[in-house]
Amino acid sequence: MGTIKQISAAVLLAALISCSGGANKPKQAGTVASVEPKSAIVAVNDEAQKLLKYLEESGDYVNGRNFPSLIKASAVYKELAGKIKIIDLRSPEAFAKGHIKGAVNVEFSKIPDYFTNVIKPFEFDKIVMVCYAGQIASYATSLLRLMGYGNVYALRWGMSGWNKDFAAGSWLKGISDKYESNLETAENGRAAWSDFPQMNTGKSTGEEILAARYMSLFAAGYDDAFITADLVFEQPQSFYTVNFERKDKYDAGHIPGAVRYKTNGTLGIVPEMESIPTDKNVVVYCGTGHNSGFVTAYLRLFGYRAKTLMYGNNAFMHSKMIKDKALLSWLPFTEAEMENFPVVKN
């Protein structure tokens with residue numbers, strides 16, 4: 114498999130022992146059975162193998178220091194007079210009610226054409242994607258970065274963070290303590306290894322496969338890539354839920370059945386990704402929904418039925434995040450995250 118991050122049987126065994134906390138550690142209770150593979154990982158299908166190899170050789174964005182590519186409102190405000198492009202993904206109606214000075218309103222599905230035929234992306238120091246809460250922008254930015262646009266960023270918190278007037282219809286509606294009492298602390302095991310999804314693009318090179326999937330995902334829009342906390346908590350058994358957080362945060366309480374995956378060392382790693390099932394909807398969540406938006410884009414690029422949880426932990430345990438902020442470095446959305454920067458209306 115060339116330079117793809119495969120590991121030998123010996124290293125694999127060590128990794129499995131490490132991930133489980135030691136060979137003699139008792140199995141933890143959970144809704145997903147622990148897996149103790151007796152053989153090598155499943156062979157990766159041809160298109161997935163080529164895409165993995167191409168992305169790794171093209172900079173391995175998802176395992177680099179710039180992943181995820183988020184930028185604060187204060188940093189954008191300071192650079193407005195410079196070589197910066199603001200692309201607003203919200204509806205024309207929302208855009209007209211107020212947007213960042215100089216921003217252009219581009220429909221999500223038209224982003225590939227805009228980058229190819231309307232602007233010269235690398236003439237800008239930064240291209241900032243803007244949405245309502247930062248999560249659509251995160252999803253779009255991840256796809257653009259994977260496509261090779263290395264100067265694209267997602268505005269953290271979206272317009273909710275730019276000006277507090279926009280938070281009422283977005284972040285302030287999204288935060289909740291509704292399911293704080295439903296959390297579990299048991300460590301859940303991963304699903305059995307299986308091959309990557311079959312993408313069936315019909316393309317012959319990693320570069321061509323990437324381009325085909327990139328175009329397909331933008332054309333499909335983003336609705337299917339998002340899911341609410343209500344749906345997940347009402348029927349947790351219907352999903353394979355990926356907790357993309359530090360272990361101490363996972364141990365402090367997570368969605369029932371959720372399986373923790375490391376924030377570094379998961380994406381692009383064959384044994385890790387092959388433990389994510391292809392026959393089930395996969396819910397990815399983090400503290401705010403920003404990181405999970407980036408992760409979801411990567412998984413969907415490979416054909417996984419991944420969905421990012423809107424507002425992350427903020428959607429179901431907001432007060433707990435505030436209470437444990439100092440201890441666990443949570444990032445709850447509060448008034449402190451809302452700036453009061455000027456907007457243009459038209």
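Going by the working numbering, the first residue of the sequence shown is number 114, and it counts up by one from there.
Don't be surprised by glycine CBs; every beta carbon is placed ideally from N, CA and C.
With distances taken from CA atoms, which of 253, 392, 254 and 268 is nearest residue 451? For the residues 253, 392, 254 and 268, the minimum Cα distance to residue 451 belongs to 268.
For residue 369 versus residue 390, is the C-beta spacing smaller than 8 Å? Their beta carbons are not under 8 Å apart, which means residue 369 does not touch residue 390 by this criterion.
Would residue 232 and residue 202 be called neighbours here (beta carbons separated by less than 8 Å)? Pairing residue 232 with residue 202 gives a Cβ-Cβ distance that is not under 8 Å.
Residue 220 to residue 295 span [Cα, whole Å]: A direct Cα-to-Cα measurement between residue 220 and residue 295 gives close to 38 Å.
Using the rule of at least 16 other Cβ atoms within 10 Å of the residue's Cβ for burial, across every protein chain shown, is residue 137 buried or exposed? For residue 137, the pLDDT reaches just 38, beneath the cut-off of 50, and the residue's location in the model is therefore unreliable, although a value from the coordinates is still provided. The residue in question, residue 137, is exposed, as its Cβ has fewer than 16 Cβ neighbours within 10 Å.
Assigned exposure category for residue 183 - 16 Cβ within 10 Å defines buried: Label assigned to residue 183: buried.
DSSP-derived helix/strand/coil call for residue 404: Collapsing the DSSP output to three states places residue 404 in a helix.
Quick one: give me the first and last residue of the beta strand (DSSP E) that residue 242 is part of. Note, residue 242: beta strand (DSSP E), 239-243.
Which of helix, strand or coil does DSSP assign to residue 208? Per DSSP, reduced to three states, the secondary structure at residue 208 is helical.
Span of the beta strand (DSSP E) holding residue 266? Its beta strand (DSSP E) spans residues 265-268.
Which value, in whole angstroms, describes the spacing of the CA atoms of residue 127 and residue 311? Its pLDDT being 38, under 50, residue 127 is placed unreliably by the model, and nothing is read from it.
How many angstroms separate the CA atom of residue 398 from the CA atom of residue 172? About 25 Å.
Got a sec? Which residues, its chain only, sit under 8 Å from residue 322 by beta carbon, not counting five neighbours each side? Excluding sequence neighbours, residue 322 sits near 160, 163, 164, 167, 312, 314 and 316.
Helix, strand or coil for residue 441? Go by DSSP, reduced to three states. In this structure, residue 441 counts as helix in the three-state DSSP scheme.
Starting from the N-terminal side, write out each stretch of the beta strand (DSSP E) that is 3 residues or longer and does not extend beyond the segment 404-438. You should have 419-422.
Just verifying my parser: in three-state terms, what is the DSSP assignment at residue 230? Looking at residue 230 - three-state DSSP - the assignment turns out to be helix.
Below 8 Å, how does it come out for the segment 441-451 and the segment 375-385: are there three or more Cβ pairs, yes or no? Touching, no, given that fewer than three Cβ pairs across the two stretches are closer than 8 Å.
Compute the beta-carbon to beta-carbon distance between residue 470 and residue 407, rounded to the nearest angstrom, for a pair I have assumed lies under 8 Å. Nothing in the structure corresponds to residue 470, since the chain is present only between 114 and 459.
Is the beta carbon of residue 96 sitting closer than 8 Å to the one on residue 271? Any property of residue 96 remains undetermined from this structure, which presents the chain solely from 114 to 459.
Would you mind reading off the limits of the beta strand (DSSP E) that contains residue 201? Boundaries of the beta strand (DSSP E) harbouring residue 201: 197-201, taken from the DSSP string.
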